[in-house]
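Here's the structure we're looking at; comments come further down.
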Amino acid sequence: MGLIAEFRLAGEDLALVDVAAGVPEATVEFESVGAAPSGPPEFVVRTVGASREAVEAAFAAADSVTDHSLVVADGDARRYQCRPTGGPPEGLEALANNRSVPDRVTVTPEGWTERRWFADREEFDAFRDFCRTNDYTFRLDRLVEVDDGDGARDAEEPGPFGALDGDSPGPPGMTEPQREALVLAHEMGYFDVPRTASTADVAEELGVTPASCSERLRRAQSHLVAQFRNADSHIKPRMD
Numbered sequence: 001m002g003l004i005a006e007f008r009l010a011g012e013d014l015a016l017v018d019v020a021a022g023v024p025e026a027t028v029e030f031e032s033v034g035a036a037p038s039g040p041p042e043f044v045v046r047t048v049g050a051s052r053e054a055v056e057a058a059f060a061a062a063d064s065v066t067d068h069s070l071v072v073a074d075g076d077a078r079r080y081q082c083r084p085t086g087g088p089p090e091g092l093e094a095l096a097n098n099r100s101v102p103d104r105v106t107v108t109p110e111g112w113t114e115r116r117w118f119a120d121r122e123e124f125d126a127f128r129d130f131c132r133t134n135d136y137t138f139r140l141d142r143l144v145e146v147d148d149g150d151g152a153r154d155a156e157e158p159g160p161f162g163a164l165d166g167d168s169p170g171p172p173g174m175t176e177p178q179r180e181a182l183v184l185a186h187e188m189g190y191f192d193v194p195r196t197a198s199t200a201d202v203a204e205e206l207g208v209t210p211a212s213c214s215e216r217l218r219r220a221q222s223h224l225v226a227q228f229r230n231a232d233s234h235i236k237p238r239m240d
């Protein structure tokens, strides 16, 4: 069984974040990363929604990438080649055999928003640990298990709240701290059987007290159950 993870990365030295900050009106996406015989890899980056002058000024002012060059232009969509500056992240060799494939990587002024396929939970954990070892803030937005057969649930199917799950930060009524606690608890194994993380573990990661964490999780789960109850007319209220 594989996994589809949707997550956000933030960090001071993430490539292209300074480019995105220079043209906040544009969409900046990775199209490919190619290995070079020596030195840093080559990025192919697609930009949409800003003038050529503005995009190239942002590339020229950026410290995170160098050697940018226009490859092709189609209207306001352009593809550039560039290279990251600086050395490789610590422990990069640990990901040499990681069975994961990036599906979409969007760069924003705050960091990267990524959707990636993983072979299993072990590979996901290795990737997440690598990010955190290199001081990248890793925030999981969605983790979906998929089968290899016809019964796989596509990650873009409408969710139980009537829209694609990725379209909004959480169910109606759920606060951002509640959503963050719920997603982090799922990521850490709080809901696994057997449980691999305690309330105290999740609280420590969030930087709050166990009591506060417990309250957030209970309220978040209450919102989820209420939304499922409202979305499924086949669930009948209990009558005593």
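Numbering (the UniProt record's numbering), first residue to last: 1 to 240.
No residue lacks a Cβ here, since even glycine has one placed at the ideal position from N, Cα and C.
These numbers come from a predicted model, not from an experiment.
Asked: With DSSP as the reference, please indicate the residues paired to R142 in a beta bridge.; Found: E6
Asked: For E56, tell me which candidate among V19, V183, P89, S198 has the shortest Cα-Cα distance.; Found: V19
Asked: How would you label G207, buried or exposed, when you count the other beta carbons within 10 angstroms and need 16 or more for buried?; Found: exposed
Asked: What whole-angstrom Cβ distance do A5 and F124 have, given they're in contact under 8 Å?; Found: 6 Å
Asked: Within the chosen definition, does the region 64 to 80 reach the region 115 to 124 through at least 3 CB pairs nearer than 8 Å?; Found: no
Asked: Let me check understanding here. Comparing Cα to Cα, which of G86, D63, R52 lies closest to L70?; Found: R52
Asked: Hey, how far is the Cα of S222 from the Cα of L182?; Found: 11 Å
Asked: Tell me where the alpha helix (DSSP H) around residue 286 begins and ends.; Found: The question about residue 286 has no answer, for the chain in this structure spans 1 to 240.
Asked: What residue from R99, S212, G49 has the CA that sits closest to L3's CA?; Found: R99
Asked: Whole-angstrom Cβ separation of F7 and F138, contact assumed at under 8 Å?; Found: 6 Å
Asked: Exposed or buried, which one is G22 when buried takes at least 16 other CB atoms within 10 Å?; Found: buried
Asked: When DSSP labels each residue in this structure, what does P89 get in the three-state scheme?; Found: coil
Asked: Within the continuous alpha helix (DSSP H) that includes T175, where are the two ends?; Found: Run containing T175: none; DSSP gives neither H nor E here.
Asked: Short check: CB of E187 to CB of L143, under 8 Å?; Found: yes
Asked: Among S212, E215, P40, T133, which residue has its Cα nearest to the Cα of G11?; Found: T133
Asked: DSSP three-state call for A58: helix, strand or coil?; Found: helix
Asked: Counting only the same chain and skipping the five closest in sequence on each side, list residues whose C-beta sits under 8 Å from that of D135.; Found: G11, E12
Asked: Would you mind stating whether A220 and V202 have Cβ atoms separated by less than 8 Å?; Found: no
Asked: Return the chain-ordered list of same chain residues with a C-beta closer than 7 Å to the C-beta of E42, the five sequence neighbours on each side being excluded.; Found: G34, A36, Q81, R83
Asked: Tell me the DSSP bridge mates of P41?; Found: For P41, which the question treats as bridged, DSSP gives no partner whatsoever.
Asked: I need the DSSP call for T66, collapsed to helix, strand or coil.; Found: strand
Asked: Taking only the alpha-carbon atoms, compute the straight-line gap between A50 and Y190 and give it to the nearest angstrom.; Found: 43 Å
Asked: Please classify G86 as buried or exposed, where buried requires at least 16 neighbouring CB atoms within 10 angstroms.; Found: exposed
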